[in-house]
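Asks: Before anything else, here's the structure in question.
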C-alpha cells in the first residue's frame, strides 16, 4: 500500500514564548518492508536553526530552535510511504520462549545479546512480579515464543477497555494494569512491561494506521492520530515481530512505522523546552490516506 500522510501539530501558548527548543521524530523509517521516498516538515514560525540527525535507535530526529515572541507553534509533516504486507510467520514454528530469553542473556556478542538490551526496565516502563504474573498464563513452559506473544496480545485486547479519559501521559503502567483502561500507548507499555518482566526483549513502536480502511475491513482503533504498538524479539532466525494489543493483530501493511525505542519518551513525535508559554493547548490531527484518494 502507498499512503499520503499529513501530521499536523499545533501548540497554542497562554503567554508569549521568547525561545523554544524542539525535537521532532516524524519521518517514517526506511525498512525492508517499508519505504519513504518523500518527506518534508514545515514549521511556523520559521526556525532560527534547524538540524537533522539519527538517534541511537536509528530514528530520524529534526532539532529546531525558534527565537522571537510567539504564541503559536505549527508543525506539519507530510510523507509518502509504501508498506508491503508482512511475511507470514507460523507462530508454532518459532523457538520456545525460554530459549529466546536465555540467548539474550549470553555473555558474548550476538544479535540476541544485542536485542537483550531491551529486556530491562526503562524510565516509563518498569519490570516486576505483578507484570510477570499477568503474563504467566500465556507463557507456559516451552511454548513457542510467538504463540505466547499472540496470546498475551489477545488477552490485553480482551481484558482492557479503550478509554481516552482514563489515563494521561503521566499515568504509571502499574495503574493501567490495575484499572484495565487506557489508550494504545498504555496497552503497548503494559505489554512491554510483561514481556521484559519475563526476560524477553521488547521495544515501543510509534507510527500510524490508515484513516480509511479498504472496503469490507473494519477501521482500526487508533486511526486519525499517532498509534503505538510493540515489537518483540523472537530469536535470530525470526527476528523482531510487531504486535498491536489495541487491535489484537500482528501489524502488516495497514501500519506505518515511524520510530521505536525503550518507551514513549524515546519516540515522542514532538517535544521541547520553552521560555515563557504558561499554560499551553495541544492539537494533533493525522490523515493517512491511500494514494489516489
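In the working numbering, the protein residues as written are 15 to 307. Heads up, the beta-carbon is just placed ideally off N, CA and C, and yes, glycines get one too.
(1) Is residue 295 helix, strand or coil by DSSP?
(2) Would you list the one or two residues that DSSP bridges to residue 243?
(3) In the DSSP assignment, find the beta strand (DSSP E) that holds residue 272 and state where it starts and stops.
(4) Can you name the residues that DSSP bridges to residue 95?
(5) Is it the case that the Cβ atoms of residue 140 and residue 220 are separated by a distance below 8 Å?
(6) Less than 8 Å between the beta carbons of residue 260 and residue 176, yes or no?
(7) Return the chain-ordered list of same chain residues with a C-beta closer than 6 Å to the C-beta of residue 85, the five sequence neighbours on each side being excluded.
(8) Please report the Cβ distance between residue 144 and residue 248, rounded to the nearest whole angstrom; I am assuming they are in contact, meaning their Cβ atoms lie under 8 Å.
(9) Which residue marks the beginning of the alpha helix (DSSP H) containing residue 165, and which one marks its end?
(10) Nearest to residue 250 by alpha carbon, out of 72, 129, 229?
(11) Should residue 157 and residue 180 be called a contact, given that it needs their Cβ atoms to be closer than 8 Å?
(12) Curious, which full-length alpha helix (DSSP H) runs of at least 4 residues does the segment 174-209 contain?
(13) If distances are taken between C-alpha atoms only, which option among 182, 205, 184, 137 comes closest to residue 316?
(14) Report the three-state DSSP secondary structure of residue 87 (helix, strand or coil).
(15) Can you check DSSP and say which residues form a bridge with residue 304?
(16) Counting only the same chain and skipping the five closest in sequence on each side, list residues whose C-beta sits under 7 Å from that of residue 111.
(17) Let's see if you can read the secondary structure: which residues bound the beta strand (DSSP E) around residue 256?
(18) If you reduce the DSSP assignment to three classes, tell me which class residue 128 lands in.
(19) Excluding five sequence neighbours on each side, which residues of the same chain lie with their C-beta closer than 7 Å to the C-beta of residue 193?
(20) Kindly give me the distance between the Cβ atoms of residue 16 and residue 305, rounded to whole angstroms, as I take these residues to be in contact under 8 Å.
(21) Grab me the residues of residue 91's own chain with a C-beta within less than 6 Å of its C-beta, minus the 5 sequence neighbours each way, in chain order.
(22) Going by CA-CA distance only, name the one from 62, 71, 231 that's closest to residue 277.
(23) Report the three-state DSSP secondary structure of residue 42 (helix, strand or coil).
(24) In this structure, how does DSSP classify residue 150 when only helix, strand and coil are distinguished?
(25) Could you tell me the alpha carbon to alpha carbon distance between residue 185 and residue 113, rounded to whole angstroms?
(26) Using a Cβ cut-off of 8 Å (strictly closer), state whether residue 129 contacts chain D.
(27) Compare the Cα-Cα distances from residue 136 to each of 171, 280, 298, 299 and report the closest residue.
Replies: On the basis of the supplied data:
(1) The DSSP-derived three-state label of residue 295 is strand.
(2) 219
(3) 269-275
(4) 17
(5) Contact: no.
(6) yes
(7) 27, 30
(8) Not confirmed; about 24 Å, so no contact.
(9) 159-173
(10) 129
(11) no
(12) 187-193
(13) Not covered by the structure: residue 316. The range shown for the chain is 15 to 307.
(14) DSSP places residue 87 within a strand segment (E or B) once states are collapsed to three.
(15) 17
(16) Cβ within range, chain order: 153, 157, 159, 162, 214.
(17) 254-257
(18) Of the three classes helix, strand and coil, the one that applies to residue 128 here is helix, per DSSP.
(19) Counting only Cβ-Cβ distances below 7 Å, and skipping sequence neighbours, we find 180.
(20) 4 Å
(21) 21, 40, 55
(22) 71
(23) coil
(24) helix
(25) 33 Å
(26) Reference to chain D is not applicable here, since this structure consists of a single protein chain.
(27) Nearest C-alpha to residue 136: 280.
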